[in-house]
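Asker: After the structure tokens below, expect a handful of questions from me.
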Amino acid sequence: MSARRVQEAALDWVSAHRDRFALGEDALAADGQVNRTWKPLGELAQVCASVSARTPRSDPLHARVAELLDFAWQQTREGEMFPLMQSLEPFATYPLEVYAAFASAGYRHPGYEASAAVVARTRGWRLTEQYPTRRLGVIEAERRSGLPPHGTVPGALDRTWLGGLPEPWTFERAAGYALTHVVFHLTEWGRAPQGVPPELADYLRHWLAPWLDTCLEARMWDLSCELLAVAASLPEPPEPAVTEDAWRRVAAAQHTCGAVPEEGAFQDAAPPARDDPYDFTDCYHSTLMAVFAAALATARREDAEHAGQGVPG
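The letter at position 273 of the sequence shown is residue 273 when you use UniProt numbering, and the numbering goes up by one with no holes.
Printed below as a string of structure tokens:
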């Protein structure tokens, strides 16, 4: 299966570049760049938490992602850095969003959760202006962290692009990333496909295939992998032929070192023989998404095979 081969190679790259996800001295700096410090680490934690949950313990990949998750938690000093971040930026939501990824895998810091609960009860927290998709993510982060959500999922969903069931021809890059994250939040990052409402699931089953094909044709590999993760997160995934062809195309774009470019092809920027044909920031997210989507696809295939055997649940 192409997805499995892509996953193994991509995970090889992630493991080999583990230190690039480490937090530096600027992680708590007032002028620090969150997108270069906490964002990569949080995405590593979220992907590893999800892959760990959907991969059997008997699978060698389970131990590998568990090791990466431990590494990521150690970077936060076992959670001690979250209260520090909150003291510096009390109403920033990204610390809770990163923490929620760890909490979903059983990594908890009671002290941070207690202080976050105090801030979450304020009007300032509830009234923070956010894009609808981000608000949905914060509501889910609160729930995963054991905090009372400050809003409802249906209420937040209705205000998102995807929740409004828009005309399919209005799909473009920003809408694509928004819709994938709506599905990730609704399904607990692929763990609970039943979280997608029936009307939304029908809409996605109808339009996901042409949207995916459009992104693949444009060589938008990062968004393509996110859409493949969405496909594997639906209550009823698309026909196998759709995703199998997509995985073959992603596999063809993957570099021999395991990295997947965000867009285009590696040979557009550097000779294929180089070990690191792209800068870390230009391929780490798409490579993580390849690991994530492939793990979900493999798990759904195995679930279907298990159900087909009539094994009692």
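Where is the CB? At the ideal position from N, CA and C, for every residue including glycine.
Throw me the rounded Cβ distance for the GLY137 and HIS181 pair, which I believe falls under 8 Å.
Answerer: 7 Å
Asker: Where PRO166 and SER233 are concerned, what is the direct C-alpha to C-alpha distance, given to the nearest angstrom?
Answerer: 20 Å
Asker: So, for ARG126: in the same chain, excluding its five sequence neighbours on each side, which residues have a beta-carbon less than 7 Å away from its beta-carbon?
Answerer: HIS150
Asker: Rounded to the nearest angstrom, what separates ARG54 and VAL291 at their Cα positions?
Answerer: 12 Å
Asker: Return no unless some Cβ of chain C is closer than 8 Å to the Cβ of GLN194.
Answerer: Protein chain content of the structure displayed is limited to a single chain, and chain C is not contained in it.
Asker: Would you check if the distance between the CB atom of GLY264 and the CB atom of ARG219 is smaller than 8 Å?
Answerer: yes
Asker: Apart from the five residues just before and just after GLU43, which ones in its own chain have a Cβ nearer than 7 Å to its Cβ?
Answerer: HIS285 and LEU288
Asker: With contact counted as at least three CB pairs below 8 Å, one residue from each stretch, are the stretch 36-52 and the stretch 60-74 in contact?
Answerer: yes
Asker: Please report the residue range of the alpha helix (DSSP H) in which PHE171 lies.
Answerer: Element bounds for PHE171: n/a, residue is neither H nor E.
Asker: Distance check for LEU204 and TYR278, CA to CA, integer angstroms please.
Answerer: Approximately 33 Å, taken between the alpha carbons.
Asker: Need the endpoints of the alpha helix (DSSP H) that THR243 sits in, please.
Answerer: 240-253
Asker: Do LEU28 and LEU88 have their C-beta atoms within less than 8 Å of each other?
Answerer: yes
Asker: Does the contact criterion of 3 or more C-beta pairs under 8 Å hold for the stretch 248-264 versus the stretch 172-192?
Answerer: no
Asker: Please report the residue range of the alpha helix (DSSP H) in which GLU80 lies.
Answerer: From DSSP, GLU80 is part of no alpha helix (DSSP H); its letter is neither H nor E.
Asker: Taking the alpha-carbon positions, what's the ASP222 to GLY106 distance?
Answerer: 28 Å
Asker: Is PRO261 helix, strand or coil by DSSP?
Answerer: coil
Asker: Round the Cβ separation of GLU128 and THR93 to the nearest angstrom and send it over; I've been treating them as touching at under 8 Å.
Answerer: In the sequence as displayed, the identity of residue 128 is Thr instead of Glu. THR93 and THR128 do touch by the CB rule: their CB atoms are close to 7 Å apart, below 8 Å.
Asker: Quick one: measure Cβ to Cβ for ALA297 and ALA3, integer angstroms, because I've assumed they're closer than 8 Å.
Answerer: Correct: roughly 4 Å between the Cβ atoms.
Asker: Cβ of LEU41 within 8 Å of Cβ of LEU23?
Answerer: yes
Asker: Quick one: what's got a C-beta closer than 6 Å to PHE224's C-beta in the same chain, skipping five residues either side?
Answerer: The amino acid occupying residue 224 in the given sequence is Ser; Phe does not appear at that position. CYS215 and LEU216, listed in sequence order.
Asker: Buried or exposed: where does VAL260 fall if 16 or more other Cβ atoms within 10 Å of its Cβ makes it buried?
Answerer: buried
Asker: Do you know offhand how far ASP245's Cα is from ALA307's?
Answerer: 24 Å
Asker: Which residues in the same chain as PHE21 place their Cβ atom closer than 6 Å to its Cβ, once the five residues preceding and following it in sequence are excluded?
Answerer: PRO40, LEU41 and LEU44
Asker: Can you tell which of LEU227, CYS257, LEU157 and GLY176 has its C-alpha closest to the C-alpha of ALA294?
Answerer: Looking at the Cα atoms, LEU227 is the closest of the given residues.
Asker: Can you tell me whether ARG4 is helix, strand or coil according to DSSP?
Answerer: Three-state result, ARG4: helix.
Asker: Compute the Euclidean distance between the alpha carbons of SER145 and ARG121, then round it to the nearest angstrom.
Answerer: 14 Å
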